Amino acid sequence: MENLIALLIAAPLLGAAVLLCGGRRLDAVGQWIGTVLAAASFVIAAVLFADMLGKSPEDRTFTQHLFSWIAVGDFRADVGFQLDQLSMTFVLLITGVGSLIHVYSIGYMEHDERRRRFFGYLNLFLAAMLLLVLADNYLLLYVGWEGVGLASYLLIGFWQHKPSAATAAKKAFLVNRVGDMGLSIAIMLMFTTFGTFAFGPLLGTEGHSGIAGDAGEGKLTAIALMLLLAACGKSAQVPLQSWLGDAMEGPTPVSALIHAATMVTAGVYLIVRSAAVFNAAPDAQLVVTVVGGVTLLFGAIVGCAKDDIKKALAGSTMSQIGYMVLAAGLGPIGYVFAIMHLVTHGFFKAGLFLGAGSVMHGMNDEVDMRKFGGLRKYMPVTFVTFGLGYLAIIGFPGLSGFFSKDKIIEAAFAKGGTEGWILGGVALLGAAITAYYMTRVMIMTFFGEKRWQPDAEGHEPHPHESPSSMTIPMIVLAFGSVFAGAFFSIGDRFVHWLEPVTGHSEGDSPVSALTVTAATMVLLVVGAGIAYLQYGRSSVPVTAPRGSLLTRAARRDLYQDDFNHVVLVRGGEHLTRSLVYVDHTLVDGVVNGTAASVGGLSGRLRKLQNGYARSYAVSMFGGAAILVAATLLMRAV
Numbered sequence: 013m014e015n016l017i018a019l020l021i022a023a024p025l026l027g028a029a030v031l032l033c034g035g036r037r038l039d040a041v042g043q044w045i046g047t048v049l050a051a052a053s054f055v056i057a058a059v060l061f062a063d064m065l066g067k068s069p070e071d072r073t074f075t076q077h078l079f080s081w082i083a084v085g086d087f088r089a090d091v092g093f094q095l096d097q098l099s100m101t102f103v104l105l106i107t108g109v110g111s112l113i114h115v116y117s118i119g120y121m122e123h124d125e126r127r128r129r130f131f132g133y134l135n136l137f138l139a140a141m142l143l144l145v146l147a148d149n150y151l152l153l154y155v156g157w158e159g160v161g162l163a164s165y166l167l168i169g170f171w172q173h174k175p176s177a178a179t180a181a182k183k184a185f186l187v188n189r190v191g192d193m194g195l196s197i198a199i200m201l202m203f204t205t206f207g208t209f210a211f212g213p214l215l216g217t218e219g220h221s222g223i224a225g226d227a228g229e230g231k232l233t234a235i236a237l238m239l240l241l242a243a244c245g246k247s248a249q250v251p252l253q254s255w256l257g258d259a260m261e262g263p264t265p266v267s268a269l270i271h272a273a274t275m276v277t278a279g280v281y282l283i284v285r286s287a288a289v290f291n292a293a294p295d296a297q298l299v300v301t302v303v304g305g306v307t308l309l310f311g312a313i314v315g316c317a318k319d320d321i322k323k324a325l326a327g328s329t330m331s332q333i334g335y336m337v338l339a340a341g342l343g344p345i346g347y348v349f350a351i352m353h354l355v356t357h358g359f360f361k362a363g364l365f366l367g368a369g370s371v372m373h374g375m376n377d378e379v380d381m382r383k384f385g386g387l388r389k390y391m392p393v394t395f396v397t398f399g400l401g402y403l404a405i406i407g408f409p410g411l412s413g414f415f416s417k418d419k420i421i422e423a424a425f426a427k428g429g430t431e432g433w434i435l436g437g438v439a440l441l442g443a444a445i446t447a448y449y450m451t452r453v454m455i456m457t458f459f460g461e462k463r464w465q466p467d468a469e470g471h472e473p474h475p476h477e478s479p480s481s482m483t484i485p486m487i488v489l490a491f492g493s494v495f496a497g498a499f500f501s502i503g504d505r506f507v508h509w510l511e512p513v514t515g516h517s518e519g520d521s522p523v524s525a526l527t528v529t530a531a532t533m534v535l536l537v538v539g540a541g542i543a544y545l546q547y548g549r550s551s552v553p554v555t556a557p558r559g560s561l562l563t564r565a566a567r568r569d570l571y572q573d574d575f576n577h578v579v580l581v582r583g584g585e586h587l588t589r590s591l592v593y594v595d596h597t598l599v600d601g602v603v604n605g606t607a608a609s610v611g612g613l614s615g616r617l618r619k620l621q622n623g624y625a626r627s628y629a630v631s632m633f634g635g636a637a638i639l640v641a642a643t644l645l646m647r648a649v
């Protein structure tokens with residue numbers, strides 16, 4: 013069975029090669045080729061999963077070595093794969109949700125002339141993401157990491173004829189490059205410290221601790237912080253979160269695949285996979301929880317003020333990934349729940365994005381929720397599936413988000429001490445804000461009176477339900493939104509599944525699970541109630557009101573782009589000018605001054621070589637006189 017691991021990557025990689033190199037002769041069938049090969053990868057994953065379930069927990073790690081990539085002296089870099097419970101969870105999510113999004117894209121991209129290329133990029137993304145989570149060493153993981161960045165750039169900027177899309181793609185690429193530098197530095201530090209970057213000896217295997225904890229805490233903290241920087245880039249966490257909202261310029265299936273279910277979860281995978289490093293660096297773990305908590309609130313506040321339905325969901329994604337990062341920073345108390353929420357989020361957030369795409373499909377690509385209203389009558393399937401995703405994300409009892417998010421809040425309190433109370437309070441506050449902004453999205457889109465108007469060309473939208481190629485994936489994801497959390501929680505099934513890889517401890521929470529659930533439900537009702545009072549009982553203005561200071565700040569993403577422009581762009585310009593000034597005045601001054609001094613001195617010395625014998629005779633006489641005087645002086649002394 014281990015020999016099948018490479019086929020997981022090979023199937024979508026073959027699809028990308030065929031679709032991107034096959035030319036226009038494949039335009040008519042390109043979408044089918046891409047979808048079939050994505051589904052083939054999911055089938056292979058299901059076969060491997062079934063085989064893994066048939067083995068005991070300690071025998072569920074499969075490895076496959078393909079070849080030695082680099083071999084120089086004692087240095088070896090191999091191309092090999094490791095499939096364990098953690099990577100299998102990601103493989104099933106990537107290939108399962110990815111295949112559904114491929115099916116959805118058949119209908120969504122039906123009239124796009126470059127559809128074949130789009131499906132080629134989707135396949136390329138799946139292959140890169142699978143390589144990232146299946147690599148058995150950090151160097152190979154880095155190849156997948158960069159591949160995901162490339163595919164994201166191509167997909168966000170797919171409609172490059174739109175300046176906004178081209179700009180968003182460049183912004184995502186540049187911001188992610190900052191995080192990528194963190195990963196590259198971490199890998200270099202690992203090799204100089206431990207002499208390897210292979211998961212087995214570095215992180216350990218079942219029953220065997222790795223060598224990661226053998227280094228000094230300072231070195232491990234530096235490695236962990238660089239890994240966190242990388243995670244912030246891919247997972248859109250503060251301070252590298254600014255690219256996510258702009259990335260909504262890509263086609264909606266891209267938002268569902270890359271920015272809801274897979275790419276933005278890569279940072280969470282990196283932290284949890286590197287648990288042995290973070291467990292030995294408590295200061296770095298504290299920074300991880302702070303980053304997660306800050307981003308949790310940051311994204312939620314931004315999501316409250318967006319009228320663009322996709323950007324409101326983007327703020328939600330940022331916030332929900334913040335929950336996962338916070339949980340991952342809690343250590344063995346939270347690793348399992350970070351991944352559990354990651355999986356449930358993959359279902360309901362992908363469903364919400366696909367539902368937003370369905371609304372856009374029936375509304376002439378309109379994204380402004382102030383121009384929606386009453387769509388539940390025209391799009392019943394979209395309304396029901398989107399509604400179930402809405403209930404799941406706010407943590408409605410019995411649905412997926414209820415089980416996974418509550419576990420993170422409990423784990424935050426279980427951290428203990430002042431830190432536990434602060435983190436738990438932040439997580440509870442985030443739950444209330446989530447209920448508010450998602451209820452706002454639901455009401456503005458599907459309830460109230462219709463508010464759509466003719467576009468600039470006089471075409472009035474005629475809302476209608478999307479074709480079955482789009483609604484069937486939404487229905488499947490809705491089932492996951494409803495049942496996945498309960499399925500994982502029965503008998504602590506998910507905990508027992510991941511514990512051999514991530515480890516798990518219960519902690520000692522000062523707050524009972526029942527109290528956490530009750531508090532969460534109260535805040536859910538409060539958040540949803542406030543949204544209902546603001547948007548459900550009165551008409552929604554077509555033109556956005558000026559709003560409070562916080563509202564205006566949230567509409568501008570809490571001034572994140574302004575901060576980046578002032579501090580990084582202008583700051584970088586001033587730093588560059590200063591460096592150029594230093595280079596011109598100091599470095600060039602020293603070099604040019606030295607050259608001028610040597611030139612001037614040589615010019616003066618050259619005058620001594622004038623060709624006159626009497627001058628040379630005087631020089632010789634003078635030199636001899638000096639030598640005689642020096643000799644007499646030395647004898648006298």
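For the sequence shown, this note's numbering gives the first residue as 13, with consecutive numbering after it.
For each residue, glycine too, the CB sits at the ideal point set by N, CA and C.
This one's a predicted model, so the numbers in the text were calculated from it and none came from an experiment.
Under the three-state reduction of DSSP, His-173 is assigned to coil, being neither helix nor strand. Counting along the chain, no beta strand (DSSP E) covers Trp-44; the unbroken alpha helix (DSSP H) around it starts and ends at 42 to 65.
The segment 373 to 393 and the segment 332 to 349 do not touch, with fewer than 3 CB-CB distances between them shorter than 8 Å. Counting C-beta atoms within 10 angstroms of its own C-beta, Trp-44 has fewer than 16 neighbours from the protein chains shown and is therefore classed as exposed.
Distances from the CA of Thr-397 to each of Leu-20, Ala-636, Glu-477, Ser-551 were compared; the closest alpha carbon is that of Glu-477. Secondary structure note for Gly-515: it is in no alpha helix (DSSP H), with a DSSP letter that is neither H nor E. Where Ile-168 is concerned, there is no enclosing beta strand (DSSP E), although the alpha helix (DSSP H) around it starts and stops at 150 to 168. Residue state for Ala-293 is assigned as coil, using DSSP reduced to three classes. The C-beta distance from Lys-231 to Leu-201 rounds to 7 Å, short enough to meet the 8 Å contact threshold. In the three-state reduction of the DSSP assignment, Arg-88 falls in the strand class. In chain order, Gly-191, Gly-194 place their CB closer than 7 Å to the CB of Leu-241, counting only its own chain and leaving out the 5 sequence neighbours on each side. Only residues of its own chain outside the window of five on either side were considered, and among them Ile-106, Met-141 have a CB closer than 6 Å to the CB of Thr-274, listed in chain order. Look at the segment 234 to 316 and you find these whole runs of alpha helix (DSSP H), each 4 residues long or longer: 255 to 258, 264 to 268, 278 to 285, 287 to 291.
DSSP places Gln-465 in no alpha helix (DSSP H); its state is neither H nor E. The beta carbon of Asp-569 is closer than 8 Å to those of Ser-254, Gly-257, Val-314 in its chain, skipping five residues each way along the sequence. Shortest Cα-Cα distance from Asn-149 to any of Thr-205, Glu-469, Leu-214 involves Leu-214.
The Cβ atoms of Val-300 and Ile-283 sit closer than 8 Å to each other. With a 10 Å radius around the Cβ and a threshold of 16 neighbouring Cβ atoms, Ser-551 comes out exposed. If you check the CB distance, Val-289 and Ala-236 come in under 8 Å. For Phe-79, the three-state secondary structure derived from DSSP is strand.
Sequence-distant partners of Thr-394 (beyond 5 residues in either direction) whose C-beta falls short of 6 Å from its own C-beta, in its chain, are Gly-367, Ser-370.
In the DSSP assignment, Leu-19 is bridged to no other residue. By the Cβ-count criterion, Cys-316 is buried, with 16 or more other Cβ atoms from all chains shown falling within 10 Å of its own Cβ.
In this structure, the beta-carbon distance from Leu-151 to Ile-197 does not fall below 8 Å. Looking at the backbone, the Cα of Thr-204 and that of Gly-442 are separated by about 41 Å. Under DSSP, Ala-531 shares a beta bridge with no residue. Residue environment for Pro-557: exposed (fewer than 16 other C-beta atoms within 10 angstroms of its C-beta). No Cβ-Cβ contact shorter than 8 Å links Met-121 with Arg-129.
Minimum Cα-Cα distance from Thr-483 among the listed residues Ala-424, Leu-364, Ala-404 corresponds to Leu-364. Pro-473 sits close to Asn-376, with the two beta carbons spaced by under 8 Å. Distance from the CA atom of Ala-608 to the CA atom of Met-632, rounded to whole angstroms, is 29 Å. With fewer than 16 other Cβ atoms inside 10 Å of its own Cβ, Gln-621 counts as exposed. Residue environment analysis places Leu-535 among the buried positions, since at least 16 neighbouring C-beta atoms fall within 10 angstroms of its C-beta. Rounded to the nearest angstrom, the gap between the Cα atoms of Phe-209 and Leu-411 is 40 Å. Contact between the segment 45 to 56 and the segment 19 to 35 is present: three or more C-beta pairs spanning the two stretches fall below 8 Å. An exposed status is given to Phe-87, since fewer than 16 other beta-carbon atoms sit within 10 Å of its beta-carbon.
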